[in-house]
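Residue numbers (the numbering used here), protein chains in the order written: chain D, 1 to 254; chain Z, 255 to 508. Ideal placement from N, C-alpha and C gives every residue a C-beta, glycine not left out.
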């Protein structure tokens with residue numbers, strides 16, 4: 001089954017490290033050598049207490065993908081954790097395949113895609129490549145920012161002409177396309193619940209937006225979040241390890 | 255006015271080089287040195303007969319942004335052409351700003367964004383940064399691939415509860431947000447016409463999908479396309495210069 005390899009990896013590391021926290025390694029620095037060192041420094045502190053690491057363009061653009069980023073992925077893999085590339089892929093199929101191939105070649109175990117682009121000549125080649133290489137595809141379903149209502153929260157007419165919320169249509173695509181997971185902002189627990197009632201546990205829910213963005217862990221957990229994506233609240237903390245352990249304790253005591 | 259600097263640049267180079275063709279420099283090669291050389295080789299052949307160059311992740315991911323890609327941008331600027339980064343930006347505002355800053359710092363004059371992400375905490379920081387730095391933002395409105403109907407072509411309920419096509423809602427956002435341009439696939443001339451009737455010439459129409467993807471230049475021109483984005487039909491041609499001149503002749507004879 002598509003994405004199973006990735007899903008098994010993250011389940012295993014989550015169990016081993018007793019954590020549902022995915023570290024978003026969104027560090028910034030104008031000097032690429034310092035940026036690289038800062039990444040290793042944070043990883044050293046928290047990597048044994050999170051279940052995966054997510055990388056975004058904060059690192060991809062200043063650090064060379066096949067040099068700096070690949071070396072960071074190797075460090076993370078050596079610690080037994082899977083890596084997610086948050087590229088929010090949304091181009092035409094031919095380009096999406098080029099993008100996905102580069103990220104998979106650099107070592108990423110899963111990538112995030114925007115289902116708005118559609119299947120034919122859109123995400124189909126990404127899912128095909130992921131299946132072939134035992135990688136996961138996670139679909140954006142409802143993002144954590146305020147303006148998410150404009151797109152993800154709009155009402156659309158589905159194939160039968162029935163009014164539906166966009167994010168529920170996306171949740172159905174996630175099931176149909178056999179995605180490894182969906183992204184629903186922790187800022188919207190009621191939407192996590194609705195999405196989960198469609199997914200029925202067959203597809204995992206990943207929630208960003210905890211901490212700086214205001215989402216509450218317990219509410220999201222009750223609503224059905226499987227993994228929390230946390231960046232700034234950890235990497236900007238005076239004691240990143242303690243910040244992670246606080247999140248783990250809240251989840252563990254649930 | 256936002257994007258005016260970029261719009262003036264592309265208008266000037268279009269007039270000077272007698273071309274409405276934007277070269278999509280989507281070359282691929284596993285060896286980054288050969289890839290870099292291939293870019294320069296194609297540029298040398300066609301740069302005096304196109305009006306701008308668009309770069310995608312084909313180059314960003316294998317070549318270092320601040321090394322390889324920046325050097326390519328310098329070559330293009332030295333030839334008097336503006337550059338567009340086709341990043342289809344669609345993340346949360348904080349990340350979008352980090353991404354946009356990197357691309358602008360590397361020298362890009364405009365970037366492509368997905369309006370689906372919305373304004374608040376989405377594209378607002380990108381438009382603000384672009385305005386501050388005299389750069390352009392071009393919005394995806396209807397893409398050229400087959401699956402575009404799923405998202406761009408779906409019917410949505412607008413703020414007043416009226417059924418509208420998604421791409422027409424996006425065209426209105428382009429006007430409202432003062433975008434430098436919109437992307438509408440040359441594969442859909444009737445949609446170019448509809449979008450143009452909303453934009454009324456205040457925002458330029460950029461059309462990919464000519465050639466390999468099947469769109470026809472003349473139909474798109476009549477419908478209102480201002481610039482054509484062409485990649486594979488030029489870069490894979492035996493004689494790239496001749497391929498560009500053929501496109502220029504069709505447009506010129508119109």
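At 8 angstroms on the CB atoms, spell out the chain D contacts of residue 316 of chain Z, in chain order.
65, 66, 102
With a threshold of 8 angstroms between beta-carbons, can residue 56 of chain D be considered close to chain Z, or not?
yes
Extent of the continuous beta strand (DSSP E) run through residue 137 of chain D
136–142
Give the DSSP bridge partners of residue 155 of chain D, in chain order.
D/165
Does the beta carbon of residue 371 of chain Z sit closer than 8 angstroms to a beta carbon anywhere in chain D?
yes
Examine chain Z for any beta-carbon lying closer than 8 angstroms to the beta-carbon of residue 2 of chain D, and answer yes or no.
The pLDDT assigned to residue 2 of chain D is 43, lower than 50, so where the model puts this residue is not dependable; a value taken from the coordinates is nonetheless given after this. Chain Z, which has no Cβ nearer than 8 angstroms to the Cβ of residue 2 of chain D, makes this no.
For the segment 394–412 of chain Z, which residues have a beta carbon sitting closer than 9 angstroms to at least one beta carbon of chain D?
394, 397, 398, 399, 400, 401, 402, 403, 404, 405, 406, 407, 408, 409, 410, 411, 412
Cutoff 7 angstroms; reference residue 126 of chain D; Cβ partners in own chain excluding five residues on either side:
89, 96, 97, 100, 113, 137
Residue 484 of chain Z versus chain D: which residues are under 8 angstroms apart at the beta carbon?
By Cβ distance, chain D contributes nothing, its closest Cβ being about 14 angstroms from residue 484 of chain Z, past 8 angstroms.
Residue range of the unbroken beta strand (DSSP E) whose run includes residue 218 of chain D
Unbroken run through residue 218 of chain D is the alpha helix (DSSP H), 217–223; no beta strand (DSSP E).
What in chain Z is Cβ-close to residue 192 of chain D, meaning under 8 angstroms?
Chain Z residues near residue 192 of chain D: none, gap ~17 angstroms exceeds 8 angstroms.
Any C-beta of chain D under 8 angstroms from that of residue 470 of chain Z:
For residue 470 of chain Z, the answer is no, since every Cβ of chain D falls outside 8 angstroms of its Cβ.
Residue 1 of chain D by DSSP, collapsed to three states: which one?
Here residue 1 of chain D scores only 40 on pLDDT, less than 50, and its place in the model is too uncertain to base an answer on.
Tell me, please, whether the CB atom of residue 53 of chain D is closer than 8 angstroms to any CB atom in chain Z?
no
Within 8 angstroms of any Cβ in chain D, is that where the Cβ of residue 345 of chain Z sits?
Residue 345 of chain Z counts as touching chain D.
Would you say residue 114 of chain D lies against chain Z (beta-carbon separation less than 8 angstroms)?
yes
If I follow the unbroken beta strand (DSSP E) through residue 204 of chain D, where does it start and stop?
204–208
Of all the options Z/333, Z/434, Z/318, Z/360, which has the alpha carbon lying nearest to the alpha carbon of residue 302 of chain Z?
Z/333
According to DSSP, what are the bridge partners of residue 181 of chain D?
D/138, D/204
Give the C-beta separation of residue 410 of chain Z and residue 420 of chain Z to the nearest angstrom, bearing in mind that I take them to be a contact with Cβ-Cβ under 8 angstroms.
5 angstroms
Using only the alpha-carbon positions, how far apart do residue 66 of chain D and residue 283 of chain Z sit?
14 angstroms
Using a Cβ-Cβ cutoff of less than 6 angstroms, which residues in the same chain neighbour residue 122 of chain D once the five nearest sequence positions on both sides are dropped?
Closer than 6 angstroms at the Cβ level, and outside the excluded window around residue 122 of chain D, lie 93.
In angstroms, rounded to a whole number, what distance separates the CA positions of residue 279 of chain Z and residue 56 of chain D?
24 angstroms
Does the Cβ of residue 271 of chain Z have 16 or more other Cβ atoms within 10 Å, making it buried, or fewer, making it exposed?
Residue 271 of chain Z counts as buried, since at least 16 other C-beta atoms from the protein chains shown sit within 10 angstroms of its C-beta.
Run the CB neighbour count on residue 457 of chain Z, radius 10 Å, all protein chains shown included, and call it buried at 16 or more, exposed below.
buried
Note down, in chain order, each residue of its chain lying with its Cβ closer than 7 angstroms to the Cβ of residue 103 of chain D, except the 5 sequence neighbours on either side.
85, 87, 111
C-beta neighbour in chain D for residue 342 of chain Z, strict 8 angstroms:
yes
Give the C-beta separation of residue 484 of chain Z and residue 275 of chain Z to the nearest angstrom, bearing in mind that I take them to be a contact with Cβ-Cβ under 8 angstroms.
For a cut-off of 8 angstroms, the C-beta gap from residue 484 of chain Z to residue 275 of chain Z is around 6 angstroms, short enough to register as a contact.
Taking only three categories from DSSP, how would you classify residue 262 of chain Z?
Here residue 262 of chain Z sits in helix by DSSP.
What does a CB cutoff of less than 7 angstroms around residue 255 of chain Z pick up in its chain, not counting 5 residues either side in sequence?
Per-residue confidence for residue 255 of chain Z stands at a pLDDT of 41, beneath the threshold of 50, marking its modelled position as unreliable; no derived number is given.
Since residue 83 of chain D sits in a beta bridge, which residues does DSSP pair it with?
D/53
Since residue 21 of chain D sits in a beta bridge, which residues does DSSP pair it with?
D/228
Run of the beta strand (DSSP E) containing residue 112 of chain D, from where it starts to where it stops:
110–113
For residue 36 of chain D, which option in D/51, D/61, D/189 has the closest C-alpha, if you only look at C-alpha atoms?
Nearest C-alpha to residue 36 of chain D: D/61.
Contacting positions in the segment 284–299 of chain Z - beta carbon closer than 7 angstroms to chain D:
none
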